[in-house]
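Residue numbers (UniProt numbering): 1 to 214. Reviewing the structure listed below.
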Amino acid sequence: MSLNPAISLLSAVGFSLILSFSKFELFFILPLIFLIYLNYKNILNILRKLLFLNFFVLVLTLFLYFETNINEALNLFLKVNFILLFNLLLFYSSNGFDIVKAFMILKFPKKFNSTLYFTVKSIFDLNMEFKNIKESLKARNFKAKTDIFTYKTYGNIFGILFLKTIKNSEKLKDSFKARGFKGEIFINYENSFSLVDSILIFLISIIIFLKVVL
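Now the structure itself:
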């Protein structure tokens, strides 16, 4: 069962902000347990991504350890990991367009939603193009080395991506002019509110009550 995009976005912002400006407490694990239950089929892939991101987290933790003390470093390590894991669990099965839907549900300005949509679409198209180039290089048995040929190849790849981005944006601009675009896009989305949304809101509300109200 999937979460409402708007609830996911608000939960991510709320949880991240509260944990960022608070000392780590054990009850922050409550919404994580619930999200792990919802994503149990993908938990190994999510943990792999978290492990990769921890390379940067460990660097920050070690820096803070030498600058302050072990308690501050451990507090930072746990907080950052909880925020990362929470967001990975929330958005693992999501695509960038769900973020656009979330802002549309929250009634953000039409031009903001349109700009965000086309930004996400451009990133998506570039990513697909990059994957196609990678597959093409694999098919030709390309192996990266520290030589001029490799550097030229990478330079050509970035050049191709840059040119395709410009061409796609120009085509999009011409298409909008032909269709009389007036700053608003229309996306089909469901604004349903399910039991899992209620449970997540309840768990986040408990954290807000314990950290802000009390």
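Beta carbons are placed, not taken as given, at the ideal position from N, Cα and C, and that holds for glycine.
Hey, which unbroken runs of the alpha helix (DSSP H) at 4 residues or more fall wholly within the segment 18-80? 29-38, 43-67
Using three-state DSSP, classify ALA12 as helix, strand or coil. helix
Secondary structure, beta strand (DSSP E): runs of 3+ residues fully inside the segment 154-209: none
Measuring CB atoms only, is the segment 21-39 touching the segment 195-202, in the sense that at least three cross pairs come out at less than 8 angstroms? yes
For THR165, which of ASP125, LYS134, SER136 has the nearest alpha-carbon? Selected option, being the one with the closest Cα: ASP125.
Can you give the beta carbon distance from GLY183 to SER122, rounded, assuming they're within the 8 angstroms contact cut? Incorrect: roughly 17 angstroms between the Cβ atoms, too far for contact.
If we count Cβ pairs, one from each stretch, closer than 8 angstroms, do we get three or more for the segment 3-17 versus the segment 69-78? No, they do not touch.
When you compare each of SER136, ILE18, ASN81 to ILE208 by their alpha carbons, which one comes out closest? ILE18
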